[in-house]
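Undergrad:
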Amino acid sequence: MKNLKTYESKPLHFGFSIGLNYMDFSIHQEDDFYTIDSVYSVENSVSPGFHLGPIINFKILKFLDLRALFLLSFGQRDMHYKIFSDTLTNGEPSFETKDMRIESTFMEFPILLKYKGKRDGNYRPYLVGGFAPKYDLAAQKKIKDSEMPKIRLNQLDYYYEFGFGMDFYLEYFKLSAEVKYAAGLKNIIKYDGTQYTSAIQKMNSRMIMFSLHFE
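So my numbering is basically just the index in the sequence shown, starting at one, shifted up by 1409.
What follows is the structure in structure tokens.
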């Protein structure tokens, strides 16, 4: 039985989104990286976070919608510095590691185009893509003495986003499952003159989002 038969005839829909995200950095090292102070390498690892917020969906054409979201996203990135030690091990250089936990709380305002496939019963595939300003509320937090040294990030960034999903027309509402990739366009590192920032030429944010939309 076909659910929500008149759903597509309405020009405006409201909803709510919730999901998981994985944030990390794309790190571009300086050309003279290995001669800068005592930093040997910089890597980062991802940890799961989550996001939630309201959705407004405007119907533009039969198969094209404009979507505006207001999301709060919570997550963290862990940076791992390998640093030359003052001591030698069997005549070879030895290393120490410095780990930094970079927490972020983003206010996001994605503006997206949703291209919908043909509805098949109670299912419809779609593609989505667009642009999203993101403002990191946690970037302005005071760093505790116990966390030093620790790098800072710029608060404002602009992302392009694209992904795909599937609409499920249930009896009383539409449920969408979506996977989306987002990449920041700005260099977000704040240079402070220390070896931890001087070793990095550019650092961009990246994010993978798994979302459920209820509309």
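In this text, a Cβ means the ideal position worked out from N, Cα and C, and glycines have one as well.
This structure is a prediction, so every number in the text was calculated from the model and none was measured.
DSSP three-state call for A1591: helix, strand or coil?
TA: Three-state DSSP puts A1591 in a strand.
Undergrad: Measure the beta-carbon distance from V1537 to K1471 and round it to whole angstroms, keeping in mind my assumption that it falls under 8 Å.
TA: So it is not a contact: roughly 17 Å between Cβ atoms.
Undergrad: Looking at the unbroken beta strand (DSSP E) that takes in Y1605, where does it start and where does it end?
TA: Looking at the DSSP string, Y1605 is not in any beta strand (DSSP E); the run it does join, the alpha helix (DSSP H), is 1604 to 1607.
Undergrad: Compare the Cα-Cα distances from F1479 to each of F1423, V1455, V1451, N1563 and report the closest residue.
TA: Minimum Cα distance to F1479 is reached at F1423.
Undergrad: Sort out for me which residues DSSP pairs D1474 with in a bridge.
TA: Answer is K1468, K1523.
Undergrad: Taking Cβ positions, are F1573 and Y1532 nearer each other than 8 Å?
TA: No, these two residues do not count as a Cβ contact at 8 Å.
Undergrad: Taking DSSP as the reference, what is the three-state secondary structure of E1512?
TA: Of the three classes helix, strand and coil, the one that applies to E1512 here is strand, per DSSP.
Undergrad: Could you please give the first and the last residue of the uninterrupted beta strand (DSSP E) stretch that includes I1560?
TA: Taken as a continuous stretch (DSSP letters only), I1560 belongs to no beta strand (DSSP E), as it is neither H nor E.
Undergrad: Can you give me the C-alpha to C-alpha distance between L1413 and S1450, rounded to a whole angstrom?
TA: C-alpha separation (whole angstroms): 55 Å.
Undergrad: Give every residue of the same chain whose Cβ lies closer than 8 Å to the Cβ of Y1600, excluding the five residues on either side of it in the sequence, and list them in chain order.
TA: If we look at Y1600 and ignore the five residues flanking it on each side, its Cβ neighbours are T1606, S1607.
Undergrad: What residue range does the beta strand (DSSP E) around F1434 cover?
TA: F1434 -> beta strand (DSSP E) spans 1421 to 1438.
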